[in-house]
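Residue 169 in numbering that gives the first Met the number 0 is what sits at position 170 of the sequence shown, and the numbering runs on without skipping anything.
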Amino acid sequence: MRLVLVGPPGAGKGTQAQFISSHLSIPKISTGDIFRSNVSTGTELGQQAQAYMERGDLVPDEVTIAMVEARLADDDAQSGFLLDGFPRNVPQAETLRKLLADWDTKLDVVLELVVEDDEVVRRLSGRRTCRVCGRIWHVLFEPPARPGRCDDCGGELFQRDDDREATIRHRLDVYAQQTQPLIAFYADDGILLGIDATGPVEEVTARAMAALRRFMT
Ligand code: AMP
Numbered sequence: 000m001r002l003v004l005v006g007p008p009g010a011g012k013g014t015q016a017q018f019i020s021s022h023l024s025i026p027k028i029s030t031g032d033i034f035r036s037n038v039s040t041g042t043e044l045g046q047q048a049q050a051y052m053e054r055g056d057l058v059p060d061e062v063t064i065a066m067v068e069a070r071l072a073d074d075d076a077q078s079g080f081l082l083d084g085f086p087r088n089v090p091q092a093e094t095l096r097k098l099l100a101d102w103d104t105k106l107d108v109v110l111e112l113v114v115e116d117d118e119v120v121r122r123l124s125g126r127r128t129c130r131v132c133g134r135i136w137h138v139l140f141e142p143p144a145r146p147g148r149c150d151d152c153g154g155e156l157f158q159r160d161d162d163r164e165a166t167i168r169h170r171l172d173v174y175a176q177q178t179q180p181l182i183a184f185y186a187d188d189g190i191l192l193g194i195d196a197t198g199p200v201e202e203v204t205a206r207a208m209a210a211l212r213r214f215m216t
């Protein structure tokens with residue numbers, strides 16, 4: 000299955016992408032994760048992306064598209080994939096469509112995770128990441144026993160630059176202006192599925208899998 004996950008920052012795309020890709024046995028391709036790992040290892044790609052990411056802006060299309068094209072050409076993506084965070088605007092969606100058409104294939108489904116803006120701000124502004132082991136905590140929903148320290152390894156917790164409230168509001172504006180038009184783009188194709196992404200993680204996964212199953216039959 001060739002699947003795209005779309006939704007505002009903080010909709011839980013990363014978490015759901017993990018579960019759905021393992022249920023469907025397809026690789027999860029997350030552009031945000033690929034950029035972040037390139038930033039942390041200081042590659043040229045990371046240096047190109049870093050300033051845009053810190054501001055909450057989109058990395059330029061030519062950089063992003065070249066990276067995704069290379070990843071989709073890998074062997075493990077030939078019989079299906081789940082894209083998380085790509086496409087993020089209509090030009091990226093058009094390029095993806097052309098690329099897949101060149102390979103005699105197309106997307107099967109675009110799953111939209113629907114969440115209100117205020118909920119997104121509540122979720123993301125409380126998120127804290129452990130500097131040592133990378134575990135994610137939340138000051139309201141999953142607080143560590145000692146504020147600012149990871150229960151697992153004792154590492155210091157920090158807030159991602161792009162999880163500060165002003166940056167989150169900016170990322171939501173970017174989403175509304177650039178990514179929201181994809182919803183109509185894929186609805187026109189008849190491959191858009193929307194699900195409510197609020198509530199416990201496992202309930203959202205169950206909703207997603209039920210929606211995908213209906214779509215497959
Ligand atoms: P994410 O983890 O998906 O929220 O992505 C984090 C950041 O990576 C975004 O705010 C952008 O700066 C950058 N990014 C991720 N995916 C894309 C994309 N498809 N196009 C442009 N920039 C992206």
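Where a beta carbon is used, it is the ideal one built from N, C-alpha and C, also for glycine.
Remember, it's a predicted structure, so these values are computed and weren't measured experimentally.
Counting the other CB atoms within 10 Å of its CB gives lysine 97 a total below 16, which places it among the exposed residues. The residues Arg1, in chain order, have a CB closer than 8 Å to that of threonine 104 in the same chain once the five nearest residues on each side in sequence are set aside. Going by DSSP, isoleucine 194 is part of no alpha helix (DSSP H) but of the beta strand (DSSP E) stretching over 191-195. In this chain, the beta strand (DSSP E) harbouring serine 29 covers 27-29.
Residue environment for methionine 215: exposed (fewer than 16 other C-beta atoms within 10 angstroms of its C-beta). Within the segment 132-194, the complete alpha helix (DSSP H) segments at least 4 residues long are 164-173 and 180-188, listed from N- to C-terminus.
When the beta-carbon positions are compared, aspartate 160 and glutamate 53 come within less than 8 Å of each other. Secondary-structure assignment with DSSP links phenylalanine 80 through a beta bridge to Arg1. The three-state secondary structure of threonine 40, taken from DSSP, is helix. For threonine 204, no beta strand (DSSP E) segment is defined; the enclosing uninterrupted segment is the alpha helix (DSSP H) at 200-215.
Excluding residues up to 5 positions away in sequence, Pro143 and Ala144 lie with their Cβ nearer than 7 Å to the Cβ of aspartate 150 in the same chain. Non-local C-beta neighbours of glycine 13 in its own chain, meaning closer than 7 Å and more than five positions away in sequence, comprise Ser29 and Asp83, ordered along the chain. Distances taken from the Cβ of phenylalanine 34 to the heavy atoms of the ligand AMP include one shorter than 7 Å. Around the CB of leucine 112, 16 or more other CB atoms lie within 10 Å, so the residue is classed as buried.
Per DSSP, leucine 57 lies in no beta strand (DSSP E) and is assigned neither H nor E.
Set against 7 Å, the gap from the CB of phenylalanine 214 to the closest heavy atom of the ligand AMP is not smaller. Boundaries of the alpha helix (DSSP H) harbouring leucine 123: 116-124, taken from the DSSP string.
Around the beta carbon of serine 20, a 10 Å sphere encloses 16 or more other beta carbons of the protein chains shown; the residue is thus reported as buried. Valine 131 sits exposed, since fewer than 16 C-beta atoms from the chains shown fall within 10 Å of its C-beta.
By the neighbour-count criterion, in which a residue is buried when 16 or more other Cβ atoms sit within 10 angstroms of its Cβ, threonine 40 is exposed. The beta carbon of glycine 45 sits closer than 6 Å to the beta carbons of Asn37 and Val38 from its chain, once the five residues preceding and following it are set aside; these are given in chain order. With a threshold of 16 other beta carbon atoms within 10 Å, threonine 63 meets it and is buried. Relative to the ligand AMP, the beta carbon of phenylalanine 157 is positioned no closer than 7 Å to any heavy atom.
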